[in-house]
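Asks: Taking the working numbering, I'd label the letters of the sequence shown as residues 16 to 198. Virtual Cβ for every residue (Gly too), placed ideally from N, Cα, C.
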Amino acid sequence: MNPILRYRSLVALAIAALACTAALAAPGKILRNSELREKPFLDAPKTGELQAQTEVEMLAREGGWIQVKSADGKTGWVRLLNVQPAGSGSGSGFLSGLATLGSVAATGSTGTTATTGAKGISREDLANAQPNPKELEALEKLASSEASGRKHASASRLRAQVSEPIDPGTPQSVGESSTERVY
Numbered sequence: 016m017n018p019i020l021r022y023r024s025l026v027a028l029a030i031a032a033l034a035c036t037a038a039l040a041a042p043g044k045i046l047r048n049s050e051l052r053e054k055p056f057l058d059a060p061k062t063g064e065l066q067a068q069t070e071v072e073m074l075a076r077e078g079g080w081i082q083v084k085s086a087d088g089k090t091g092w093v094r095l096l097n098v099q100p101a102g103s104g105s106g107s108g109f110l111s112g113l114a115t116l117g118s119v120a121a122t123g124s125t126g127t128t129a130t131t132g133a134k135g136i137s138r139e140d141l142a143n144a145q146p147n148p149k150e151l152e153a154l155e156k157l158a159s160s161e162a163s164g165r166k167h168a169s170a171s172r173l174r175a176q177v178s179e180p181i182d183p184g185t186p187q188s189v190g191e192s193s194t195e196r197v198y
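Next comes the structure, spelled out in structure tokens:
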């Protein structure tokens with residue numbers, strides 16, 4: 016067999032093996048008592064509950080939620096931070112190396128990465144967002160007064176800077192941005 020063809024065949028086989036590994040459901044463990052939901056939303060109907068330390072199969076992920084299936088057949092969605100992938104500790108051996116290689120291909124790093132703050136908000140959540148005047152009022156109560164701000168600035172030896180206000184409707188020239196101005 017031609018050496019180049021052999022090399023290409025091995026590369027194709029390795030990629031296919033990694034793809035198959037990634038397609039399989041991954042084992043995991045529930046970290047704390049968790050409610051199972053029918054869909055990945057807080058207001059979705061509750062379908063059951065899983066106790067901490069329950070072994071599960073992780074089936075799918077959507078935003079800050081992960082779909083799991085327990086050994087007794089319970090299936091549903093739980094919060095991502097309530098599930099730990101099996102073997103997330105130190106591993107060894109050939110299969111662990113393949114799993115790490117698959118992780119690099121999937122996430123661009125050698126470990127599991129989860130950020131639930133940004134990923135937990137869907138486009139639907141943003142589109143359906145409603146103002147909450149009571150929360151705004153509570154937030155405004157936490158604001159510092161101008162006098163308090165000036166006192167803190169003086170104690171920190173900060174000096175006032177005068178700058179022209181930026182009109183958000185006016186286009187800025189190339190190289191000029193609000194982040195480059197000193198206020």
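#1: Which value, in whole angstroms, describes the spacing of the CA atoms of T90 and A27?
#2: Mapping the DSSP letters down to three states, classify A41 as helix, strand or coil.
#3: Looking at C-beta atoms only, is the number of pairs between the stretch 82-98 and the stretch 46-56 that lie closer than 8 Å three or more?
#4: Who are the near neighbours of S85 in its chain, counting only those whose CB is closer than 7 Å to its CB and skipping five residues on each side?
#5: Determine the burial state of Q145: buried for a count of at least 16 other Cβ atoms within 10 Å of its Cβ, exposed for fewer.
#6: In or out: Q164 buried (at least 16 other Cβ within 10 Å) or exposed?
#7: May I ask you to report which of helix, strand or coil DSSP gives R172?
#8: Across which residues does DSSP place A75 in a beta bridge pair?
#9: Check for me: the beta strand (DSSP E) holding R94 runs from which residue to which?
#10: Take the Cβ of N143 as the centre, count every other Cβ of all protein chains shown within 10 Å, and call the residue buried at 16 or more, exposed below.
#11: Three-state secondary structure (DSSP) at R138?
#12: In three-state terms, what does DSSP make of G63?
Replies: This is what the structure gives:
#1: 35 Å
#2: strand
#3: yes
#4: L65, T69, V71
#5: exposed
#6: Note on identity: in this sequence residue 164 is Gly, with Gln being the wrong assignment. Exposed, since its Cβ has fewer than 16 Cβ neighbours within 10 Å.
#7: coil
#8: Q82
#9: 90-94
#10: exposed
#11: helix
#12: strand
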